[in-house]
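Colleague:
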Amino acid sequence: MNALPLPFALALALAAAPGAHAQEHAARQAHDHAAGQRDDDNQRRPAPDTETDPHAGHERSQPDPHAGHGRSRPDSHADHGRPQPDPHAGHRQPHGDPHAGHDEPQTDPHAGHGQPQADPHAGHDQPQADPHAGHRQPRTDPQPDDSQPRSVTPVPPLTDADRAAAFPELHMHMEHPDGPFSRVLFNRFEWQDADEGSAQAWEMSAWLGGDLNRVWLRSEGEREGGSTHSADIELLYGRSIGPWWDVVAGVRQEFQPGPARTWAAVGVQGLAPYRFEVQATALFGAAGRTAAAVEVEYEMLLTNRLILQPLLEIEFHGRDDRARGIGSGLSSIEGGLRLRYEISRRFAPYLGVTRERAIGRTADLRRGAGADIDETRLVAGVRWWF
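Quick note on numbering: the sequence shown equals residues -22 to -1, 1 to 364 in mature numbering (1 follows the signal peptide of the UniProt record, and there is no 0).
1. Among the residues of its own chain, which have a CB less than 6 Å from the CB of E293, if the five just before and after it don't count?
2. Do the stretch 283 to 297 and the stretch 218 to 226 touch if we need at least three Cβ pairs shorter than 8 Å?
3. Using a 10 Å radius around the Cβ and a threshold of 16 neighbouring Cβ atoms, would you call N165 buried or exposed?
4. Among G263, G187 and S322, whose alpha-carbon lies nearest the alpha-carbon of V229?
5. Quick check on DSSP: helix, strand or coil for residue 366?
6. Can you tell me which residues form a DSSP beta bridge with P288?
7. To the nearest angstrom, report how far apart R283 and V162 are at their CA atoms.
8. Between which two residues does the beta strand (DSSP E) carrying D352 extend?
9. Where E312 and T332 are concerned, what is the direct C-alpha to C-alpha distance, given to the nearest angstrom?
10. Specify the secondary structure class of D189 as computed by DSSP and reduced to three states.
11. Any idea if I304 is buried or exposed, counting beta-carbon neighbours within 10 angstroms, 16 or more meaning buried?
12. What does the alpha-carbon distance come out to for the pair W362 and P135?
13. Within 10 Å of its beta-carbon, does E147 have 16 or more other beta-carbons around it, so buried, or fewer, so exposed?
14. If we ignore side chains and look at the alpha-carbon of each, how far apart do A341 and H207 end up?
15. How close, in whole Å, do the beta carbons of R297 and R267 come, if the pair is a contact with beta carbons under 8 Å?
16. Is the CB-CB distance between D171 and R355 below 7 Å?
17. Can you tell me which of G204, L190, Y215 and S205 puts its alpha carbon nearest to the alpha carbon of R196?
18. For the beta strand (DSSP E) containing T268, list its first residue and its last residue.
So, in structure tokens, the structure goes:
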């Protein structure tokens, strides 16, 4: 075939050029139309639920600057080159692109944050996975509740072993100090205001010996109008029968009133319960005469030095003794009340009152003799011992 002339070839080229350019322009318009259609679809798509998908807002409202550059579909990694910081860049996902499914909420790459195998920080609300999760959890160890009464360990019951440990058996006898020792006590040494004038009275006791064995000397009497109205003295041997009691036995001699009488005396003396001082003596005389005397005292400490001392003394006789004006049975009762102040333990002055009354046959014999059967006296004296 012969070659076309040059002018004719140029005319054919110019006629074909507009058609190729039109095809290229039509393809470009079709591509732009498809990209615009996708943008419209994205705008009409409902907004993602931010409560369920934490990456719902990652999608940009502006169109992709690379859309329509000849790409057949949008590039999901188009934003990776932008300088915006990624808040989830440090989650260290073991595989896959953390932003691969931003347009697809069904495939959230962070859906497995609650699994401790994938993310070491996924279990912030689970104390088993995060060692620091307990900072927001209440303490689980028990704390004392001040509003509730605390439990008290019960006291164990007392056993025989506990008693034996508290009171061990003593393997040695009580040791008594060497003696002898002695004491003289004037329990009453007083002046009395009698009906016929002033009178003087005394009551004393003395002992010599140790803790177990003692010799006792006891005396009581009264003087009135310059003469001895009554007087007696006892010499006794005493033996301790307990921590608070002694048994005594000996002889008693009565000088007044009337003819003298001699008696064999046996009795007890000591401290009764509630600190009552008791002295009881039985007497046996000649011709079948018998008598008994009981004396009880009590000391009430009003203060350490001010002491009130009540006294009661009772006498019995087995038969009448008209020479002395004494009848059988209960013969007399004497009561007294004395208040003393101990200047020292060895010396104490006192004031008081006493009353004596004859009873029964003794009262009848005294009436016959013209004597008083009931008499009250004021007393003042001192109590001293050495």
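Backbone N, C-alpha and C fix where the C-beta goes; we use that ideal spot for every residue, glycine too.
Nothing here was measured: the structure is a model prediction, and the numbers come from that model.
Modeller: Let's see:
1. Here residue 293 is taken as the residue at index 315 of the sequence shown, counted from 1. Cβ neighbours of E293 beyond the five flanking positions: A271, S309 and S310.
2. no
3. By 1-based counting over the sequence shown, the position of residue 165 is 187. Burial call: buried.
4. Sequence index remark: in the sequence shown, residue 229 carries index 251 (1-based). Nearest of G263, G187 and S322 to V229, Cα basis: G263.
5. The shown model of the chain, from -22 to 364, leaves out residue 366, and the question about it has no answer.
6. Your numbering for residue 288 matches position 310 in the sequence shown. Bridge partners of P288: L315.
7. Stepping through the sequence shown from its first residue, residue 283 is reached at position 305. Stepping through the sequence shown from its first residue, residue 162 is reached at position 184. So the two alpha carbons sit approximately 21 Å from each other.
8. On the sequence shown, position 374 is the one that residue 352 refers to. Segment D352 to W363, the beta strand (DSSP E) holding D352.
9. Here residue 312 corresponds to residue number 334 of the sequence shown, with the count starting at 1. Here residue 332 corresponds to residue number 354 of the sequence shown, with the count starting at 1. Taking the straight line from one Cα to the other gives about 7 Å.
10. Here residue 189 is taken as the residue at index 211 of the sequence shown, counted from 1. Residue state, collapsed to three classes: coil.
11. Start at 1 with the first residue of the sequence shown, and residue 304 comes out as number 326. Buried is the call here.
12. Position 384 of the sequence shown, counting from 1, holds the residue named residue 362. Position 157 of the sequence shown, counting from 1, holds the residue named residue 135. Those two C-alpha atoms are separated by around 52 Å.
13. Reading the sequence shown from its first residue, position 169 is the one you call residue 147. It counts as exposed.
14. Taking the sequence shown and counting its residues from 1, one reaches residue 341 at position 363. Taking the sequence shown and counting its residues from 1, one reaches residue 207 at position 229. When rounded, the distance between both Cα atoms is 17 Å.
15. Counting from 1 along the sequence shown, the entry for residue 297 is found at position 319. Counting from 1 along the sequence shown, the entry for residue 267 is found at position 289. At roughly 6 Å, the Cβ-Cβ gap stays under 8 Å, so R297 and R267 are in contact.
16. Within the sequence shown, numbered from 1, the residue matching residue 171 stands at position 193. Within the sequence shown, numbered from 1, the residue matching residue 355 stands at position 377. Cβ atoms of D171 and R355: closer than 7 Å.
17. Translated into the one-based positions of the sequence shown, residue 196 becomes position 218. Residue Y215 is the option with its Cα nearest to R196.
18. If you number the sequence shown from 1, residue 268 lands on position 290. T268 to Y276 is the extent of the beta strand (DSSP E) around T268.
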